[in-house]
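Engineer: In short: position in the sequence shown from 1, add 737, done, that's the numbering used here.
One structure, pasted below without further comment.
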Amino acid sequence: MHNIGKTEFFTALGMGLLHSIFSLFVILSSIWLCLALWFQEPLGGLMTRILIGIWIAFALSIIGIYTTQAFFSRHTDILLYILGLLCGLCWYFGLEAKQDRDWNPEVAQVLAYEQQGDLVTLHNVRNFNWHADGHYDERWESRQFDLKQITGVNIITSYWMGPRIAHTLVSFDFANSRPLTFSIEIRKEKNEEFSTIGGFFRKYELSLVAADEKDLIYTRSNSRGEQVYFFPINMSKAESRALFEQYLRKSNDLKKQPKWYNTLTSNCTTLVFDMVQAVSKQHLPIDYRLLASGYLPNYLYDLNAISHDLSMKQWYEKAHINPRVSELNDLSSTQYSALIRQNLPQRKIETPNKTATLK
């Protein structure tokens, strides 16, 4: 009798644990599916909300059945839940990113290019004239660049959500032309707002914007009031060119096949890291600061990609561009680029024959 009691006890304990695991699975999977439905609205606003309500009631009934009945005595209901969830997964992962939506003018055009040896012609380079109130004069251009004339790479971090989260931009300096900035962004539709949570649920397509430096950075430092920092990066000429060409390949990929933005895995920082890793001669360690993108400059400093002529605290003071530009609204592109580089330490670039020092 004693052994029978122990057997019953451990059986009941195992069943209880199994009930808890399955209930947790139902709760988490239902939260995920309901959020996916909420942000996608496959049946329109009202009908989608009704569907979410039906699913919540269904999931709660499954949990009630599972926790109050003997194991698998209601297996039909459990299998029905699994089947419903699988249908939801098939719907969600069948969603395709598109090119032909009613896009916000800021991301309406798709970057394209032609390359002949060292010369690259970029089409749909953005050069909007931004006003202090956030309005802009729309302007798209074609520009030509000589990849032999790349003299430096810069990382720009723009803080809009506290110290941990920043938007990451990459700017290329040229000896014979104005700098060019790349920004990986969500491709918003007209009147669409950004949602961090929506970014986990295929709410937005990816967009690669190539723009005049004053356009992309001024937008943040002056029009939106974000806190913007500019860091010259130590990178060889060969790696700088290879990184530029990585951006070209990324633009070509997105032109051929649009892709989804993901807040965690396919965002402005992780995609830049992937491209830098592809051209780097050394393996770059995975680090939490790639997700907490506000700390990306500290990560680069630890890798010696940012000069150690200054401490990191001094760098943040020097790299902060808002105090230099926030009150100035009538600057040319050349003046703006010069001003955001003002008083920054010189960059050292290793070349095959010598070390070149560049502003």
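The beta carbon of each residue, even a glycine, is placed where N, CA and C say it ideally should be.
Go through the stretch 986 to 1022 residue by residue and report every complete run of the beta strand (DSSP E) that reaches 3 residues or more, in order.
Structural biologist: DSSP runs (the beta strand (DSSP E)) wholly in the stretch 986 to 1022: none.
Engineer: By Cβ distance below 7 angstroms, which residues in the same chain neighbour Ala-1102 in space, the five residues on each side in sequence not counted?
Structural biologist: There is no way to answer for residue 1102, as the model of the chain reaches only from 738 to 1096.
Engineer: What residue range is occupied by the uninterrupted alpha helix (DSSP H) comprising Asn-841?
Structural biologist: That residue, Asn-841, is in no alpha helix (DSSP H); it is neither H nor E in DSSP.
Engineer: Can you have a look at Lys-687 and say buried or exposed, based on whether 16 or more other CB atoms are within 10 angstroms of its CB?
Structural biologist: The shown model of the chain, from 738 to 1096, leaves out residue 687, and the question about it has no answer.
Engineer: Short of 6 angstroms in beta carbon distance, which residues of its chain neighbour Glu-1130, apart from the five on each side in sequence? Order them along the chain.
Structural biologist: Since the first and last residues shown for the chain are 738 and 1096, residue 1130 lies out of range.
Engineer: Are the Cβ atoms of Ala-947 and Leu-816 separated by less than 8 angstroms?
Structural biologist: It is not a contact, given that the beta carbons lie outside the stated cut-off.
Engineer: Run through DSSP, which three-state label would His-904 get?
Structural biologist: Here His-904 sits in strand by DSSP.
Engineer: Identify which residue in Tyr-966, Ile-758, Phe-909, Pro-842 has its Cα closest to the Cα of Ile-902.
Structural biologist: Ile-902 has its Cα closest to that of Tyr-966, out of Tyr-966, Ile-758, Phe-909, Pro-842.
Engineer: Taking 8 angstroms as the threshold (C-beta atoms), are Tyr-984 and Phe-919 in contact?
Structural biologist: Yes, the Cβ-Cβ distance between Phe-919 and Tyr-984 is below 8 angstroms.
Engineer: Would you say the stretch 1049 to 1056 touches the stretch 1067 to 1082, given that touching needs at least three Cβ pairs under 8 angstroms?
Structural biologist: Segments in contact, yes.
Engineer: Let me make sure I understand the geometry here. Which of Ser-1003, Gln-881, Ala-869, Arg-978 has the alpha-carbon closest to that of Leu-859?
Structural biologist: Of Ser-1003, Gln-881, Ala-869, Arg-978, the residue nearest in Cα terms is Gln-881.
Engineer: State the Cα-Cα distance for the pair Tyr-1032 and Leu-755, rounded to the nearest angstrom.
Structural biologist: Those two C-alpha atoms are separated by around 41 angstroms.
Engineer: Using the three-state DSSP reduction, which class does Phe-865 fall into: helix, strand or coil?
Structural biologist: Of the three classes helix, strand and coil, the one that applies to Phe-865 here is coil, per DSSP.
Engineer: Am I right that Asp-855 and Leu-884 are in contact with their C-beta atoms under 8 angstroms? What's the rounded C-beta distance?
Structural biologist: Yes, Asp-855 and Leu-884 are in contact; Cβ-Cβ is about 5 angstroms, under 8 angstroms.
Engineer: To the nearest angstrom, report how far apart Val-890 and Thr-785 are at their CA atoms.
Structural biologist: Looking at the two C-alpha atoms, the distance is approximately 46 angstroms.
Engineer: Since Tyr-896 and Gln-964 should fall inside the 8 angstroms C-beta cutoff, what is the C-beta to C-beta distance between them, to a whole number of angstroms?
Structural biologist: Right, their Cβ atoms sit about 4 angstroms apart.
Engineer: Would you report the Cα separation of Pro-779 and Ile-789, rounded to the nearest angstrom?
Structural biologist: About 11 angstroms.
Engineer: With a Cβ-Cβ cutoff of 8 angstroms, do Ile-921 and Leu-953 count as a contact?
Structural biologist: No, they are not a contact pair.
Engineer: Compare the C-alpha of Leu-822 against each of Ile-787, Glu-851, Ile-768, Asn-913 and name the closest.
Structural biologist: Of the candidates Ile-787, Glu-851, Ile-768, Asn-913, the one whose C-alpha sits nearest the C-alpha of Leu-822 is Ile-768.
Engineer: What is the DSSP secondary structure of Tyr-941, reduced to helix, strand or coil?
Structural biologist: Correct three-state label for Tyr-941: coil.
Engineer: Can you find a C-beta in chain B that's less than 8 angstroms from the C-beta of Ala-1056?
Structural biologist: This model lacks chain B altogether, as it is built from one protein chain only.
Engineer: Determine the extent of the alpha helix (DSSP H) in which Asn-891 is found, giving its start and end residues.
Structural biologist: Where Asn-891 is concerned, there is no enclosing alpha helix (DSSP H), although the beta strand (DSSP E) it sits in stretches over 887 to 896.
Engineer: When DSSP builds the beta bridges, which residues end up paired with Tyr-966?
Structural biologist: Answer is Thr-894, His-1057, bridged to Tyr-966.
Engineer: Please classify Arg-961: does DSSP put it in a helix, a strand, or coil?
Structural biologist: Three-state result, Arg-961: coil.
Engineer: Taking just the CA atoms, how far does Leu-1021 sit from Gln-777?
Structural biologist: So the two alpha carbons sit approximately 36 angstroms from each other.
Engineer: Any idea if Asp-874 is buried or exposed, counting beta-carbon neighbours within 10 angstroms, 16 or more meaning buried?
Structural biologist: Exposed, because fewer than 16 other Cβ atoms sit within 10 Å of the Cβ of Asp-874.
Engineer: By DSSP, does Thr-956 sit in helix, in strand, or in coil?
Structural biologist: Helix.
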